[in-house]
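Undergrad:
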Amino acid sequence: ATTQGRLDSFFKVS
Amino acid sequence: MFEARMSDTTVMKRLMDAITTLIDDGSFDISSKGISLQAMDSSHVALVAMCLRNEAFDPFRCDRNLSLGIQCKQMGKILKCSANNDVMTLKAEDDGDVLNMVFESPNGDRMSEFAMKLTDIDIEQSCRDLSNFGESVTICVTKDGLKFSVKGDSSNASMKFSQNGAGDDGNDVSIDLNDPCTLTFAVKYLNHFTKAAPLSERVTLSLSNDTPLVVEYKIGDGLGHIRYYLAPKMEE
């Protein structure tokens, strides 16, 4: 099974 | 004072369509270099980054950097009131809360004016969870080519593009590969990104294992670009 990743975990969101 | 004139509204219409597919409202940054935007969708899965250089306008005047909070749907509605070959002028005062848009027919016999209220956009606005995702597409790149495959409830499908071959529509496919990679994404978002296709004859997908996908469309001949970033699906 897969879960949808979020961009927050790849980019530092200010 | 910001004032920019574009000789043909088509690019702006296509650009707003390509942005509205992902976000409701965004902060458009205006500087002497041009207009840019960077915004995530409400679920923080995808991001759109757009830049339209000042060369896309003539004249382009920006005395002071501005951030214009624009409701994309509203701007789209106004843009629909213009003909494709209309000349468009955008105007905003440095401390104003309105973006003025003027459309003129090329021979000058018709002019329409709109004033759109700008909104304060809370960049930190809380995100809403999406309860359902579309089906997933797995993109696999090897030295042999590029393969898209989808496993549905009742059927599976796959499409393969070869490095030196041509797609069904005769468009060339070129692949620049360092390491083979396989990533899975929500098809729904890729469909959203295709909204930008009218802006460019070519799309570039950049993939690397365990990093977001980047989908880029160039705008015109060096006038700018629109890029989408999409978080991959992860194995549980």
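In order, the protein sequences belong to chains A and B. With my numbering applied, the first sequence corresponds to residues 5 to 18, in that order. With my numbering applied, the second sequence corresponds to residues 3 to 238, in that order. Where a beta carbon is used, it is the ideal one built from N, C-alpha and C, also for glycine.
Compare the C-beta of B/H46 against all C-beta atoms of chain A and say whether one is closer than 8 Å.
TA: Stepping through the second sequence from its first residue, residue 46 of chain B is reached at position 44. Judged by the 8 Å Cβ criterion, B/H46 is in contact with chain A.
Undergrad: Let me make sure I understand the geometry here. Which of B/D96, B/P61 and B/I80 has the alpha-carbon closest to that of B/V104?
TA: Residue mapping note: residue 104 of chain B aligns to position 102 of the second sequence, counting from 1. Nearest of B/D96, B/P61 and B/I80 to B/V104, Cα basis: B/I80.
Undergrad: In the DSSP assignment, the beta strand (DSSP E) including B/C183 goes from what residue to what residue?
TA: Here residue 183 of chain B refers to the residue found at position 181 when the second sequence is read from its first residue. Taken as a continuous stretch (DSSP letters only), the beta strand (DSSP E) holding B/C183 covers C183 to A188.
Undergrad: If you measure between the beta carbons of B/F150 and B/V143, is that distance less than 8 Å?
TA: On the second sequence, position 148 is the one that residue 150 of chain B refers to. On the second sequence, position 141 is the one that residue 143 of chain B refers to. Going by C-beta atoms, B/F150 is not nearer than 8 Å to B/V143.
Undergrad: Count the other CB atoms within 10 Å of the CB of B/M3; is the residue buried (16 or more) or exposed (fewer)?
TA: Within the second sequence, numbered from 1, the residue matching residue 3 of chain B stands at position 1. Exposed is the call here.
Undergrad: Locate the beta strand (DSSP E) running through B/V100, then write down its first and last residues.
TA: Within the second sequence, residue 100 of chain B is the residue found at index 98, counting from 1. Start and end: V100 to E106.
Undergrad: Taking only the alpha-carbon atoms, compute the straight-line gap between B/G110 and B/T91 and give it to the nearest angstrom.
TA: As a working mapping, residue 110 of chain B is identified with position 108 in the second sequence. As a working mapping, residue 91 of chain B is identified with position 89 in the second sequence. Near 13 Å, if we compare the C-alpha coordinates of B/T91 and B/G110.
Undergrad: From B/S164, B/D97, B/D60 and B/S84, pick the residue whose C-alpha is nearest to that of B/R112; which is it?
TA: One-based indexing of the second sequence puts residue 112 of chain B at position 110. The candidate whose alpha carbon is nearest that of B/R112 is B/S84.
Undergrad: With a cut-off of 8 Å on the beta carbons, I'd call B/K153 and B/A188 a contact; round off their distance for me.
TA: Locating residue 153 of chain B in the second sequence gives position 151, counting from the first residue. Locating residue 188 of chain B in the second sequence gives position 186, counting from the first residue. Contact flag wrong, Cβ pair sits at about 13 Å.
Undergrad: Report all residues from its chain with a CB closer than 6 Å to the CB of B/S208; omit the five preceding and five following residues, and keep chain order.
TA: As a first step, residue 208 of chain B is located in the second sequence; it is residue number 206 there, counting from the start. Within the same chain, B/S208 has close Cβ partners V216.
Undergrad: When you compare each of B/K190, B/N211 and B/D65 to B/V47 by their alpha carbons, which one comes out closest?
TA: Within the second sequence, numbered from 1, the residue matching residue 47 of chain B stands at position 45. Nearest option by C-alpha distance: B/K190.
Undergrad: Count the other CB atoms within 10 Å of the CB of B/N56; is the residue buried (16 or more) or exposed (fewer)?
TA: Stepping through the second sequence from its first residue, residue 56 of chain B is reached at position 54. The residue is buried, with at least 16 neighbouring Cβ atoms inside 10 Å.
Undergrad: Please classify B/S128: does DSSP put it in a helix, a strand, or coil?
TA: The residue labelled residue 128 of chain B in the question sits at position 126 within the second sequence. Interpretation of B/S128 is limited by its pLDDT of 23, a score under 50 that renders its predicted location unreliable; the figure taken from the coordinates is listed afterwards. In the structure shown, B/S128 sits in coil (DSSP, three-state: anything other than H, G, I, E or B).
Undergrad: Between the alpha carbons of B/I125 and B/L70, how many angstroms are there, rounded?
TA: Here the question's residue 125 of chain B lines up with position 123 in the second sequence. Here the question's residue 70 of chain B lines up with position 68 in the second sequence. Because B/I125 carries a pLDDT of 41, less than 50, the predicted location of this residue cannot be relied on, and the following value inherits that uncertainty. B/I125 and B/L70: Cα-Cα distance of roughly 13 Å.
Undergrad: Apart from the five residues just before and just after B/D26, which ones in its own chain have a Cβ nearer than 8 Å to its Cβ?
TA: Here the question's residue 26 of chain B lines up with position 24 in the second sequence. Cβ neighbours of B/D26 beyond the five flanking positions: S44, Q73, C74 and K75.
Undergrad: Is the shortest distance between the beta-carbon of B/E238 and the beta-carbons of chain A less than 8 Å?
TA: Taking the first residue of the second sequence as 1, we reach residue 238 of chain B at position 236. Chain A, which has a Cβ nearer than 8 Å to the Cβ of B/E238, makes this yes.
Undergrad: What's the call for B/K145, buried or exposed, on a 16-neighbour Cβ count within 10 Å?
TA: Position 143 of the second sequence holds residue 145 of chain B. That one is exposed.
Undergrad: Would you report the Cα separation of B/L24 and B/R204, rounded to the nearest angstrom?
TA: In the second sequence, the residue the question calls residue 24 of chain B occupies position 22. In the second sequence, the residue the question calls residue 204 of chain B occupies position 202. The alpha-carbon atoms of B/L24 and B/R204 are separated by roughly 20 Å.
Undergrad: Using beta carbons (cut-off 8 Å, strictly below), is B/F135 in contact with chain A?
TA: For the purposes of this step, residue 135 of chain B is taken as the residue at position 133 of the second sequence. Caution is warranted here: a pLDDT of 28 is assigned to B/F135, below 50, making its placement in the model unreliable, and the coordinate value is therefore given only provisionally. For B/F135, the answer is yes, since a Cβ of chain A falls inside 8 Å of its Cβ.
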